[in-house]
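K.L.:
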Amino acid sequence: MTDGAGSTVAVIGSGIVGAACALELQKRGRQVTLIDRSSPGRGTSFGNMASIALDFAAGSGPSTWRKLPRWLMDPEGPVWLRPAYAPKTLPWFLRFLAAGRPSQLRAIEDAGMALTRPALEDLRRMLAFANASDLMTEEGCLAIYEKDEEFTADRAHIELMRRYGFDFQVLKKDEIRDLEPALSAHVAGAVLLPDNKSIRDPYKLVVTLVEAGQAAGARFLSGEVVTVGKSTEGCTIILKDGERLQFDDVVVAAGVHSGAIARAVGEPIPLETERGYHTQIMKPGISMRYSIIWPARAFMVTPTAGGIRVGGNVELAGLQAAPDFRRARVLVRHAQRVLPGLKVEDTSEWLGHRPALPDTIPIISPSSRVPNLWYATGHGHLGLTLSATTARLVADMILQEKPSLSLAPYRIDRY
Ligand SMILES: Cc1cc2nc3c(=O)[nH]c(=O)nc-3n(C[C@H](O)[C@H](O)[C@H](O)COP(=O)(O)OP(=O)(O)OC[C@H]3O[C@@H](n4cnc5c(N)ncnc54)[C@H](O)[C@@H]3O)c2cc1C
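Numbering-wise (the numbering used here), the sequence shown opens with residue 706 and increments by one.
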């Protein structure tokens, strides 16, 4: 038995990150309580684009800077800043821009790629333990380019994949439709990313992981956490109804809401919501083998267990603003350009909140204020992809085992 086996851990948040942490910690001998104010998997992890995206790309950088002014002028473009929200997000936005400086960019890419490199293997291991391997498809992803200029504009990304030894294959025009007949003949180019698998149903994945954790002995507790403090033995969690709960260790994995908990603990972090939309099309009239990403338009189309999902883009408008589903509909229109047979019948629309830090890399870290308090948050566009790796690293920290990679870049005190 590991030293400290049977000691108690609370994981706050039952999204994909919290569910994975809870399962891993329970599996490795801790007595886990997973706490959520809602039911598992109903946050951002419900509706993401289901992609295991190993080709980490920093959000900010010279190529983003070049595109941003044009994007920000267009409410239907890939990135939109609602004018009323601009003053509120300005400090975060300036940090985001600064993170793209060439002097920082390489370190951010190294840190991101260090997490994505083991991600597929970690996910496979987690799925196998939860008896859910069939939730992952074995097909890859196609990055598509409608015009040659789009391919040229994406060269920094292609160069990045080359530099980090990421497997990819540039396809000839006549190879594209052989692989994915649903695509229009107008698609000028594509790159196959064979290792970017996808999950058939991201919501079901979270529920399955929570159930696997429970089957291994973890328990689920309904409650809203207000703050976490130091206690003589470990940590005290204070719930909204005033109840106080005692644990040896506590992990904050509350997605974008981790920011409120960190603030209450006294260590504010620049966590912003990068809002994104999806449309789930239950009767798409086509079938697809690969997921598709269209970098120039910053969105994806993913075949899922229940039809086809179209989604992505970024809206900076905070947590409270009402959804603007025009942003979801424009993506469906773009999707129909490259998938001419796509029908839009029996649909549902969804808005989600990516927990985004200015430098694109998550916080996987001990608290800088409260002993035995840990953070697993800020996964931005890659929470699904990085869930199992994050869980393994969080368990390594709590069990005081040597992690497989340096955790220095993910520390909370970098802010
Ligand atoms: C449109 C879109 C597409 C995306 N596509 C992909 C993709 O293809 N691949 C990928 O890897 N990632 C993708 N992402 C990102 C990914 O979905 C997120 O990074 C991930 O879901 C974050 O998971 P989480 O567990 O941190 O947060 P959530 O899933 O938001 O879970 C947080 C949980 O914490 C609970 N909670 C919050 N506050 C409290 C509190 N005070 N007390 C108790 N409980 C609390 C919430 O109820 C919730 O259940 C996408 C995101 C969006 C929006």
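Note that the Cβ used here is the ideal one computed from N, Cα and C, for glycine as well.
Would DSSP call ASP815 helix, strand or coil?
P.N.:
Here ASP815 sits in helix by DSSP.
K.L.:
First and last residue of the alpha helix (DSSP H) that includes THR857?
P.N.:
Looking at the DSSP string, the run of the alpha helix (DSSP H) that includes THR857 is 853-858.
K.L.:
Which ranges would you report for the alpha helix (DSSP H) in the region 957-1022 if only whole runs of at least 4 residues count?
P.N.:
As far as the region 957-1022 is concerned, its whole alpha helix (DSSP H) runs of at least 4 residues are 963-970.
K.L.:
Would you list the one or two residues that DSSP bridges to TRP1079?
P.N.:
DSSP, once it has assigned bridges, lists VAL956 and PRO1071 as partnering TRP1079.
K.L.:
Considering Cα atoms alone, identify which of THR984, SER765 and SER996 is closest to THR1052.
P.N.:
Among THR984, SER765 and SER996, the Cα nearest to that of THR1052 belongs to THR984.
K.L.:
Determine the DSSP secondary structure at PRO783, reduced to helix, strand or coil.
P.N.:
Residue state, collapsed to three classes: coil.
K.L.:
Can we count LEU792 as close to ligand 1, meaning its CB is less than 8 Å from some heavy atom?
P.N.:
The question names Leu, but residue 792 is Pro in the sequence shown. No, ligand 1 has no heavy atom inside 8 Å of this Cβ.
K.L.:
List the endpoints of the continuous alpha helix (DSSP H) containing PHE798.
P.N.:
Note, PHE798: alpha helix (DSSP H), 791-804.
K.L.:
Using the three-state DSSP reduction, which class does ALA848 fall into: helix, strand or coil?
P.N.:
DSSP places ALA848 in strand when its eight states are reduced to three.
K.L.:
Per DSSP, what kind of secondary structure is ILE1066 in: helix, strand or coil?
P.N.:
It is coil, neither helix nor strand.
K.L.:
What three-state label does DSSP hand ASP741 in the structure shown?
P.N.:
Strand, per DSSP.
K.L.:
Judging by CA-CA distance, which residue of TYR995, ASN1018, PRO1108 and PRO1000 is the nearest neighbour of GLU854?
P.N.:
GLU854 has its Cα closest to that of PRO1000, out of TYR995, ASN1018, PRO1108 and PRO1000.
K.L.:
Terminal residues of the continuous beta strand (DSSP E) containing VAL933?
P.N.:
Counting along the chain, the beta strand (DSSP E) containing VAL933 begins and ends at 930-935.
K.L.:
Just how far apart, CA to CA, sit ALA1113 and PRO886?
P.N.:
Answer to the nearest angstrom: the Cα atoms are 45 Å apart.
K.L.:
Who does ARG924 pair with in a DSSP beta bridge?
P.N.:
According to DSSP, ARG924 bridges with THR738.
K.L.:
Counting C-beta neighbours from all protein chains within 10 Å, is the total for PHE1030 16 or more, i.e. buried, or is it exposed?
P.N.:
With fewer than 16 Cβ atoms within 10 Å of its Cβ, PHE1030 is classed as exposed.
K.L.:
Would you report the Cα separation of ALA969 and LYS793, rounded to the nearest angstrom?
P.N.:
C-alpha separation (whole angstroms): 19 Å.
K.L.:
List the whole-angstrom C-beta distance separating ASP859 from THR713, where the pair is believed to meet the contact cut-off of C-beta under 8 Å.
P.N.:
Wrong, their Cβ atoms sit about 48 Å apart, outside the cutoff.
K.L.:
Excluding the five sequence neighbours on either side, which residues of its own chain have a C-beta within less than 6 Å of the C-beta of GLN1041, listed in chain order?
P.N.:
So the qualifying residues of the chain are LEU1047.
K.L.:
In this structure, what does DSSP give as the bridge partners for PRO1060?
P.N.:
PRO1060 is bridged to THR978.
K.L.:
Pull up the distance between the alpha-carbon of MET706 and that of GLY734, whole angstroms please.
P.N.:
Confidence at MET706 is low in this model, with a pLDDT of 42, below 50, so the placement of that residue should be treated as unreliable; the coordinate-derived value is given next. Taking the straight line joining both Cα atoms gives about 8 Å.
K.L.:
When you compare the CB positions of ILE763 and GLY718, do they come within less than 9 Å of one another, or not?
P.N.:
For the record, residue 763 in the displayed sequence is Ala; it is not Ile. Not closer than 9 Å, so no.
K.L.:
Could you give the DSSP three-state label for SER719: helix, strand or coil?
P.N.:
Coil, per DSSP.
K.L.:
Please identify the residue among LEU1044, PRO1071 and LEU1024 whose C-alpha is closest to the C-alpha of SER992.
P.N.:
Cα-wise, what sits closest to SER992 is LEU1044.
K.L.:
VAL896 lies in the beta strand (DSSP E); which residues open and close that run?
P.N.:
Unbroken beta strand (DSSP E) run through VAL896: 894-898.
K.L.:
Excluding the five sequence neighbours on either side, which residues of its own chain have a C-beta within less than 7 Å of the C-beta of PRO1063, listed in chain order?
P.N.:
So the qualifying residues of the chain are TRP797, ARG800, PHE801, ALA804 and PRO975.
K.L.:
With distances taken from CA atoms, which of ILE849, LYS852, VAL896 and HIS891 is nearest PRO867?
P.N.:
Note on residue identity: the sequence assigns Arg, not Pro, to residue 867. Out of ILE849, LYS852, VAL896 and HIS891, VAL896 has the C-alpha closest to the C-alpha of ARG867.
K.L.:
Check whether the Cβ of ARG1152 sits closer than 8 Å to any heavy atom of ligand 1, and report yes or no.
P.N.:
Residue 1152 falls outside the range modelled here, since the chain spans only 706 to 1120, and no answer is possible.
K.L.:
Can you name the residues that DSSP bridges to THR1052?
P.N.:
Its beta-bridge partners are ILE986.
K.L.:
CB of GLU781 to nearest heavy atom of ligand 1: below 8 Å?
P.N.:
Checking the Cβ of GLU781 against ligand 1 gives no.
K.L.:
Between which residues of its own chain and ALA710 is the CB-CB distance below 7 Å, once the five residues before and five after are set aside?
P.N.:
Answer for ALA710: GLY734, listed in chain order.
K.L.:
Can you check DSSP and say which residues form a bridge with THR941?
P.N.:
Paired residues: GLY934 and GLN951.
K.L.:
Give the DSSP bridge partners of GLN874, in chain order.
P.N.:
LEU897, per the DSSP bridge assignment.
K.L.:
Could you check how far apart the C-beta atoms of VAL961 and THR749 are, in whole angstroms? I think they sit under 8 Å.
P.N.:
With 8 Å as the limit, VAL961 and THR749 qualify as a contact, their Cβ atoms being about 7 Å apart.
K.L.:
Could you give the distance in angstroms between the alpha-carbon of LEU1021 and the alpha-carbon of VAL930?
P.N.:
So the two alpha carbons sit approximately 26 Å from each other.
K.L.:
Hey, could you find the ends of the alpha helix (DSSP H) LYS772 is sitting in?
P.N.:
From DSSP, the alpha helix (DSSP H) with LYS772 extends over 767-777.
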